[in-house]
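Take a look at the structure set out below.
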Amino acid sequence: MKKEKQKAASPKATVRERLADTLETAKEVILDFARIEMLGNRELTVENYKSIVEYTEKEIILLANPNRIRISGCDLEIKSIAREMLYITGKISSVEFRQEV
């Protein structure tokens, strides 16, 4: 009986993996879209937003190409603001997108 050789996983990324990573980054940069990441309904990070349109404890509205992003909930607070990134905490009940015309 022949022993089958098992190929060890290469620590180097494949050409397809590198290409996929490159294209994913290029999409964000080239299309200028916002990137949103949520942790449950308690934390939200928005990258690549343009401006804050409205900010209350119950609602935060952001301008992000090509949408307005409306974050609704209670006890909403912008904990951190950087040039193109916001970190929001609170009890988030909804995130809505409305395309600007």
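The working numbering runs 531 ahead of the 1-based position in the sequence shown.
Glycine is no exception: its CB is placed at the ideal position from the N, C-alpha and C atoms.
Residue ranges of each beta strand (DSSP E) run of no fewer than 3 residues wholly in the segment 559 to 590, ordered along the chain?
566 to 570, 574 to 578, 582 to 586
Through-space distance from residue 596 to residue 623, alpha-carbon basis
Counting from one through the sequence shown, the residue named residue 623 turns up at place 92. Counting from one through the sequence shown, the residue named residue 596 turns up at place 65. The alpha-carbon atoms of residue 623 and residue 596 are separated by roughly 22 Å.
In angstroms with no decimal places, state the Cα-to-Cα distance between residue 613 and residue 626.
Locating residue 613 in the sequence shown gives position 82, counting from the first residue. Locating residue 626 in the sequence shown gives position 95, counting from the first residue. Roughly 21 Å separates the two Cα atoms.
Run through DSSP, which three-state label would residue 627 get?
What you label residue 627 is simply residue 96 of the sequence shown in a count that begins at 1. Strand, per DSSP.
What are the boundary residues of the beta strand (DSSP E) that includes residue 608?
The sequence position of residue 608 within the sequence shown is 77, counting from 1. Start and end: 598 to 613.
Rounded to whole angstroms, what's the CA-CA distance from residue 609 to residue 546? Just pull it up for me.
The count along the sequence shown starts at 1 and reaches residue 609 at position 78. The count along the sequence shown starts at 1 and reaches residue 546 at position 15. So the two alpha carbons sit approximately 40 Å from each other.
Mind checking whether residue 631 and residue 579 have CB atoms under 9 Å apart?
Along the sequence shown, read from residue 1 onward, the residue named residue 631 stands at position 100. Along the sequence shown, read from residue 1 onward, the residue named residue 579 stands at position 48. Contact flag unset, no.
Closer than 7 Å by C-beta to residue 603: which residues in its own chain qualify, once you throw out the five before and the five after it? Chain order, please.
If you number the sequence shown from 1, residue 603 lands on position 72. So the qualifying residues of the chain are 589, 590, 624, 625.
Whole angstroms is fine: what's the gap from residue 605's alpha carbon to residue 569's?
Here residue 605 refers to the residue found at position 74 of the sequence shown. Here residue 569 refers to the residue found at position 38 of the sequence shown. Each residue's alpha carbon lies about 16 Å from the other.
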